[in-house]
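When we follow this note's numbering, the leftmost residue of the sequence shown carries the number 764, and every step to the right adds one. Encoded as structure tokens, the structure appears first; notes follow it.
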Amino acid sequence: MKTGDSAHMIKTVVDQRYIILKEINPNSNVYIAQDLKTIEVVAIKLLDLSDTKKQDAAEISEIFKRESEALSQLNHENIIKYVDSGLDGNRNLFYIVTEYVVGENLEEFTKQSNLKIEDLLSVFLKILNGIAEAHSKNILHRDLKPSNILVEGMDSVKIIDFGLSKILGIKYRDSTTTLKDYMTVAYASPEQLARKELTVQSDIYSVGGILYYLLTKNDPPIDKSDIEDKLDNIQCSQNLKNILRNTLKVDVQNRFKSIYELIREVNQEYISVYSKTKTFYLKFTNKIAAELYERGKVNYRSDQHVQDFIQKDLEKSSVFKGDRYYFIVGNSVKYQCRLSEDESHLIITRFFLLENYLKYEEEFNKGINCHVSWKVVNQSKVVPYNDDLTNVLEKVNREKQKRDVRLSRERQNNVLINKWEKYLDEESQLIYRKRNLGIYENFEYVFETNKIQVTVQKIDYQLENGDLIQLTDKKGNQITIGTFDSIEDTNLIISAKSEVELDELSKRGRIGIDVSQSAEVIKRFRRAVRALRFGELLNKNIKDIISDPSKTSVNKDRIIVDYINEKLDESNKEAVKSALATKDLFLIQGPPGTGKTTVITEIVCQILKENPKHKILLASPSHVAVDHAIQSIKGNLTKDKKIIRVGRSDRISKDSQSLLMDIQLEEWVDGVKSTSQDELVKYLSTKYKIKDSQKKAIEKQIQDLSVIETDTKNPLSIFNNNRIQNIVGIIKEWHRRLNSLDEFDEIFAQNASVVASTCTGIASRHVLNDTAFDWVIIDEAARATAPELLLPMIRGKKIILVGDHQQLPPIVGKERSMIRDNDLGIKTSDLEKSLFEELFENISEEAKSILTAQFRMHPTISKLINNIFYPTTNIEARKSAEERKHLLEWAPKSVIWLNTQYLKDNKEEEILNSFKNSSEAQVVLKYLEVIEERYNSFGPKIKVGVISGYDAQKKILTSLINPNDDKWKNIDIMIDNVDAFQGSETDIAIYNVVRCNDQNKIGFLRDERRLNVALSRSKTCLIIVGNAHFALKAKTYKGNPFADIIRFIDEHPQECLMEDIK
């Protein structure tokens, strides 16, 4: 692994960034270098691939991979800080860049003659804290020894060289390349020497070896059986010898179970040793003595009684720093103290009685546990100066700084968490209100359509397709009768359930929504928010990142040699590389048509290519988005990579049905049964020479779940053979067990490479609740509320959020719009700012990416979307006008506004909290007929999207146009609301403004995010139908996006058209 003569490396620039200045130690391959980008001095390890055998090159590659992966995940003051890593292709060498520490290794450090036992234990504790951080990330060092510890003064201790490390649970790519033979025998555990599987206790053995070295200045014996005898001769306390014994046990089961258990024991020993050699003075005043007497803590006011009480109370104590004072917490009293002017002692200024154990525990845990002997004296006593107290208080001050940072983060977290919990409380109330929407006057069942028409007085709620509707039965109970379909005048149209008993329903009663499913979802949200509050996340850093996104950092972009999608655009390649380099959290903003699904697919494929054993959770608020993504991913994965779709079969696409866990499990069970039956028949044929007729009898008997009985009437029956009877019986029992599918859920889920679900759906299957995912990728993340987003986030080690906060906002319940904001604790506008948007605005630049190549739209439509909705981002259209030309009379113009200003009856009509505009609907029908005619004999049907913001308009459009009519031979028409169109695309889009009134009110149409979605669906031609004069004058509390659109049309007369309809 040598880089050859180190002298020739001096002044060499590695990977066009790091200039080599000096080798740190001869033949170490570690150099001092300067980062030409930041001008900082760094340390760089070089692993040379030139002039090496193939096996050596594989081992070097493995060492590089392991060290760079391990260091990139660690961020701790006692671990060397990772900066960068990569491959310099020109020089054929790997490099790993870390911070440069001016220090010496532990071997050199221990040569100092003035080191005390407490100094050695202080250094050792810092080593243990670094290893604890590694173990918390499931990383084993596997080569802990004095030469891999850097010391720069007593306060700076760094663990280095993670080249032999292993991340637990990871199966490395090239399983033929192992590093089991790389070790330092004296410090390697017995199981490591035996090349057995290693655990955290293997590292504990090695740190025990380091402690042995610190106490003896000798390496531990190579013969592990000699260690026990050697321990008795070490000059140290019996307690420390016991600690050594429990780290260096040959039997792994007899060692400390975790590094934290070892830290606790060593810390107690350190405090005990430290306090024996130190004197800490604490003064009390006559006033304090009098108050202690008055409060009944001492029987006499004499100095000796007060002194004895305080010293006994402080036999076990902790110290912490407040804003102005220090506090010492004893067994029953908390003492407020100030530091003397000469800093030689503390003076009690006030005290507080700890009335109960809970109060004692709360106060005691605020401070540093001090097993010290306080020398308590009266205020008149002259105290000699020493720096013992100063040293302790410096630690107390550092702890206060850490606590202040932690509390600041917790306060920020609590502000967010409290807001989300308040939101969930209010949602629970709103859900409860939906149980009673009003009074229905009558209902009628239409046999031909299996629909129920319910006549209502008024409903203060905007129903959504799929809402479960309840009516009152004759006993006064609410019964679910079906799902909401549409509105006709004052009638609600309900798709009836097959099992509903209409005769049992009252002709008049309360109408409401079945909220049981919604209530269950709220419970899941609460659990996710609670998990964040108490830090119960797989990646503990996510909590801090949410409170302060600016602290997010990433590793250097991954080197990707081969992309799965060879046509991937350069801007999308950059997003993929950056996302894969994330340490914790990465955000991708994808404006319309920029290929979010393509990027997600590439990321998933690259993850599984790099680490085939990794588990990925793919989630989204929307079933449509999940299905769209997994269909893209499915076509790019090898057959051994299993995808599981979680969800109700009636909610997911037909293409994704075969990926449902239940269906895959049934297919797997059928396959196992068939294989086991075939193997059994084959075995019996060979063993017992059975005939074909007997084979069929065996197959029939296996499929028959009844008990096998001996056939006394037919002595030639094969089942008269007890051996065969037993074997067939075992297979039958196995098949019966296989039918209990729940037993195999967990096994099946754990073997999946990709689990796909909605954000709420992932918490619906108990088998997945405890599943840890290496990666969580959430599409349309900007549409999710914070609690909804947290449900998948708490389950992942690394999180990638993909979304666009300039498109549809979180769905926070349309019923909120029916209630005044001052009736609620949280404004709807606050909730509609998604967690994705909050993070994107504040996260570090390196932890986010914007996709800037637009593949869907005609250049003019792309320019419109870019200028109005993304003015600060340069989005480049990758499709030419020729590629996106249309056949309509307006060509080459591609943005058309059909102005209904001069039509009679062009005003809106309100129906049950929704709106319709009949004149606009007639215009849409007319121009659909024009499009149908223009595309006659064009070829395959083109897709035309008719988009509206209102259910009532959708209903009238569907009725008028009848998109499934045979007359539409050339166009495939989709009529729906804006929400249903996000993520989809059409050849031509027709957008209905709908609103037109004398008050110039446009309601939620003022939300430019919804308008962005509506106007960005079309590939070739965008048609807007509405009253342009009204849209221009519309009142909004912010800018009017319709005015911007009209201005764009006016400013681009060669590409756009405003056409008056008369």
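Virtual Cβ for every residue (Gly too), placed ideally from N, Cα, C. Note that this is a predicted model, so its numbers are computed, not measured.
Local conformation of residue i per DSSP, three classes
| i | result |
| --- | --- |
| residue 1745 | coil |
| residue 964 | helix |
| residue 864 | coil |
| residue 1653 | coil |
| residue 1731 | coil |
| residue 804 | strand |
| residue 1670 | coil |
| residue 845 | strand |
| residue 1141 | strand |
| residue 1769 | helix |
| residue 1824 | coil |
| residue 1013 | coil |
| residue 1292 | helix |
| residue 1721 | helix |
| residue 1109 | strand |
| residue 1645 | coil |
| residue 1476 | Only weak support exists for where residue 1476 lies, its pLDDT of 47 falling under 50; the value from the coordinates is given anyway. In the structure shown, residue 1476 sits in coil (DSSP, three-state: anything other than H, G, I, E or B). |
| residue 1006 | helix |
| residue 779 | coil |
| residue 836 | helix |
| residue 1805 | helix |
| residue 943 | Its pLDDT being 48, under 50, residue 943 is placed unreliably by the model, and the measurement read from it follows with that caveat. Reduced to three states, the DSSP call for residue 943 is coil. |
Bounding residues of the beta strand (DSSP E) (the contiguous stretch that carries residue i)
| i | result |
| --- | --- |
| residue 1424 | Counting along the chain, residue 1424 falls outside any beta strand (DSSP E), though it belongs to the alpha helix (DSSP H) covering 1424-1451. |
| residue 920 | 920-922 |
| residue 1218 | 1214-1219 |
| residue 1661 | 1658-1662 |
| residue 1317 | Taken as a continuous stretch (DSSP letters only), residue 1317 belongs to no beta strand (DSSP E), as it is neither H nor E. |
| residue 1246 | 1241-1251 |
Option nearest residue i by Cα separation, candidates the options
| i | options | result |
| --- | --- | --- |
| residue 1515 | 1389, 1785, 1354 and 1378 | 1378 |
| residue 1068 | 1044, 1430 and 1140 | 1140 |
| residue 1160 | 1362, 1082, 1218 and 1214 | 1082 |
| residue 1362 | 1372, 1332, 1347 and 1390 | 1332 |
| residue 1350 | 1329, 1312 and 1442 | 1312 |
| residue 947 | 983, 962 and 922 | 983 |
| residue 1075 | 1094, 1547, 1671 and 1560 | 1094 |
| residue 1653 | 1694, 1192 and 861 | 1694 |
| residue 788 | 1064, 1692 and 868 | 868 |
| residue 1565 | 1627, 1266, 1367 and 1424 | 1367 |
Cβ-Cβ separation, residue j to residue i (assumed contact under 8 Å), whole Å
| i | j | result |
| --- | --- | --- |
| residue 1245 | residue 1257 | 4 Å |
| residue 858 | residue 808 | 7 Å |
| residue 1526 | residue 1273 | Between residue 1273 and residue 1526 the Cβ distance is about 31 Å, and since that is not below 8 Å, they are no contact. |
| residue 1201 | residue 1178 | 38 Å between Cβ atoms; not a contact. |
| residue 1746 | residue 1388 | 5 Å |
| residue 851 | residue 860 | Not a contact, Cβ separation roughly 12 Å. |
Check whether residue i and residue j have beta carbons under 9 Å apart
| i | j | result |
| --- | --- | --- |
| residue 1012 | residue 968 | yes |
| residue 1270 | residue 1205 | yes |
| residue 1660 | residue 1809 | yes |
| residue 1812 | residue 1658 | yes |
| residue 1611 | residue 1818 | no |
| residue 1713 | residue 1678 | yes |
| residue 1780 | residue 1724 | no |
| residue 1137 | residue 1550 | no |
| residue 776 | residue 887 | no |
| residue 1044 | residue 881 | no |
| residue 994 | residue 883 | no |
| residue 1348 | residue 1371 | no |
| residue 1427 | residue 1405 | yes |
| residue 1815 | residue 1626 | yes |
| residue 987 | residue 997 | no |
Host alpha helix (DSSP H) of residue i (start-end)
| i | result |
| --- | --- |
| residue 1178 | 1151-1196 |
| residue 1360 | 1359-1373 |
| residue 1207 | Unbroken run through residue 1207 is the beta strand (DSSP E), 1201-1209; no alpha helix (DSSP H). |
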